[in-house]
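Chains as they are written, first to last, in the working numbering: chain A, 93 to 481; chain B, 1422 to 1714.
Ideal placement from N, C-alpha and C gives every residue a C-beta, glycine not left out.
Only a predicted model underlies this, so the values are computations on that prediction, with no experimental measurement involved.
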């Protein structure tokens, strides 16, 4: 679960991270008042769950309260389209108004989990900024890495060397080590899967201040952090995706016209690839987890049927030991009865209880086009969606 | 000698008394797997499915001679169950549980270091050796004994590929699910190495997807080893949008890293045949084996 910048800053401030003074506003006038209280030039930052805000104009400098108010008015209620949001963008409902901090130098620091070693990894570079990923890819800046193992030990000596390699010395060095230790403790205690500070500013006064923070929490660990689960911003991103999560489904909204359902992520990705190969445009990705019951599945099909862009639906199921075909057929039958919408429906049922699933669909009175293999199902769905266009 | 599982494998089930444990242990025994007992803390001394239930793994291992364990313990306690099995020096542990917190898996990985346990999973469908046994939750019926070894990050695609391989007139030596999570036990590269050494395996199928670096590690490994066995790979997620999590927690492509095109390029350069689409894996395997002859 991604959380907002202001939420991450508040959480990490509790672990000793220095962040600029500031507050969140939901209206222009409120932003102006915050700027007046701060009594300094400010930065007004759109709070959305996507990166690339700077380049998209989602971060604005304001020299005085009137400018802060104007900047906030210009952002709030609009949709910000960045390189990471998709063409529809994300609606800005909040802005963070902060004291503008002048950086003498900018660093980049991140703590993440390295999948191949299964260890916590500290990553840092002596340069930060908006295009640090691209610069690193081109080899223009060097990334320093340090494994922290399972994170249970501070590894003071190695961290000290890592911090020194970022060009932090004297009092800054001590601050840097304390900052890394705070991040490590926060990462473990909050069940994070990513904390990224970019840029981390070195100020003229010799302080290390986090100007921007990106933080991702592990969805699978939220059961032990109800206070963090409550940070979820239900208005950001797709409401359908969130609803699906609650029903043991993985759903990603896309911008085409073919609704797509498969049991299992791998089969779902394969179906997506085949739809595109057959020159179709998927309206979504939906994968039914093994823990979904027929009513959950009905809910998922409901999401597809409620999407006005959907012109055809393809269901690709290879029934396994945990999720037989008939449960999915039942979910589909229930959803169609509820919705009343009738769309061309292509199914491919194989594996565990496929025949039983066919008779379930028949008993529900579902008119489906039954395909023997997944390629014919995908290409059939593409033809039907185009016919409906 | 089959990979991971043979007639001498004696299986213990951690979390056997729950719904999933009960259901799947019964299916495993129907398939001929030798299940010798279960472990559920607080229920030690009882009997379940006519098998003894033990309090702790170490005690169960001592009394039953189990040399493999399958874990159905819910996410909150799954890591503790795996670590208990590792501490009891269980040679093979397969974890089916989905949605284990990633930092818990980091701790499990740390516990595995220097130990004697091979971990498969979490979030794995397990291991199937057709005609011999199954240590997992996959449906059976379309498999048949043969020479194609399958290593996969996806349970549903494994079922699909098993059916395609059988339809192509071939059979399987073993199927292994490495699991869909970013941090997991044994990976594709280790499984491939085992299958290349296995006398019964004539061809290996790798089922990969976007995210992570397992496929790239396989490509690096193949640059160093010589093998006469054909290797076929299916990589799904070519058309998935960048930086979105697609079902599997491990399956997301960060721009330029872990995307399908990069994986396909690396594997092709290492001499792996790429199945052009998910419905053509059986056919690609048939051609690879025919081409070798």
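Contact residues of the region 1513-1531 of chain B toward chain A are 1517, 1519, 1520, 1521, 1522, 1523, 1524, 1525, 1526, 1527, 1528, 1529, 1530 and 1531 (C-beta to C-beta distance below 9 Å). Annotation: residue 1505/B has no Cβ neighbours in chain A at a cutoff of 7 Å; minimum Cβ distance is about 17 Å. Here the alpha carbon of residue 1688/B sits roughly 29 Å from the alpha carbon of residue 238/A. With respect to the 9 Å criterion, residue 1654/B and residue 1631/B are not classified as neighbours on the basis of their beta carbons.
Any Cβ of chain B closer than 9 Å to the Cβ of residue 277/A would place that residue at the interface, and such an atom is absent.
In this structure, 454/A is the residue among 194/A, 454/A and 248/A with its C-alpha nearest to the C-alpha of residue 428/A.
Listed along the chain, the chain A residues whose CB falls inside 9 Å of the CB of residue 1543/B amount to none; the nearest CB is some 10 Å away.
Here DSSP, grouped into helix, strand and coil, assigns residue 1642/B to helix. Contact annotation: residue 1700/B and residue 264/A have beta-carbon atoms that are not nearer than 9 Å. The continuous stretches of beta strand (DSSP E) do not include residue 1607/B, and DSSP gives it neither H nor E. In the displayed model, residue 364/A falls within a helix according to three-state DSSP.
Not a single CB atom of chain A sits nearer than 9 Å to the CB of residue 1654/B. Scanning chain B for C-beta atoms nearer than 8 Å to the C-beta of residue 383/A yields 1519, reported in chain order. For the pair residue 1452/B and residue 1595/B, the Cα-to-Cα distance works out to about 14 Å. For residue 477/A, the closest Cβ of chain B is not nearer than 9 Å.
DSSP, reduced to helix, strand and coil, places residue 103/A within a helical segment of the structure shown. Among the residues of the region 205-222 of chain A, those with a Cβ less than 7 Å away from any Cβ of chain B are 205, 207, 208, 210, 211 and 212, in the order of the chain. Distance check between residue 1565/B and each of 1573/B, 1491/B, 1584/B and 1558/B places 1584/B closest, using alpha-carbon atoms only. Residue environment: residue 214/A is assigned as buried (16 or more neighbouring CB atoms within 10 Å of its CB, all protein chains considered). Contact between residue 350/A and residue 475/A fails: their C-beta atoms lie close to 10 Å from each other, not under 8 Å. Taking the C-beta atoms as reference points, residue 180/A is found no nearer than 9 Å to residue 199/A.
Assignment of alpha helix (DSSP H) within the region 301-327 of chain A, counting only whole runs of 4 or more residues, yields 318-321 in chain order. DSSP places residue 1555/B in the strand class (E or B) of the three-state scheme. If you check each beta-carbon in the region 384-412 of chain A against every beta-carbon of chain B, the ones closer than 7 Å belong to 410, 411 and 412. Rounded to whole angstroms, the separation of the alpha carbons of residue 1586/B and residue 370/A is 23 Å. For residue 286/A, same chain residues with a beta-carbon under 6 Å away, outside a window of 5 residues either side, are 204 and 308 in chain order. Non-local beta-carbon contacts of residue 1478/B in its own chain, meaning distances under 6 Å to residues more than five positions away in sequence, involve 1460, 1505, 1506 and 1509 in chain order.
Closest by C-alpha distance to residue 1618/B, out of 1646/B, 1440/B and 1468/B, is 1646/B. Per DSSP, residue 285/A is one residue of the beta strand (DSSP E) stretching across 284-294. Where residue 1566/B is concerned, the enclosing beta strand (DSSP E) starts and stops at 1566-1573. For the region 1566-1581 of chain B, the residues whose beta carbon sits under 9 Å from a beta carbon of chain A are, in order, 1573, 1574, 1575, 1576, 1577, 1578, 1579, 1580 and 1581. Around the CB of residue 1471/B, fewer than 16 other CB atoms lie within 10 Å, so the residue is classed as exposed. Against chain A, the CB of residue 1633/B has a partner CB under 9 Å away; the residue lies at that interface.
Separation of the CB atoms of residue 202/A and residue 176/A is rounded to 16 Å, and the pair is thereby denied contact status at 8 Å. A distance below 8 Å between beta-carbons, with the five flanking residues on each side excluded, links residue 412/A to the following residues of its chain, in chain order: 355, 356, 382, 443 and 444. Within chain A, the C-beta atoms nearer than 7 Å to that of residue 1659/B come from 365, in chain order.
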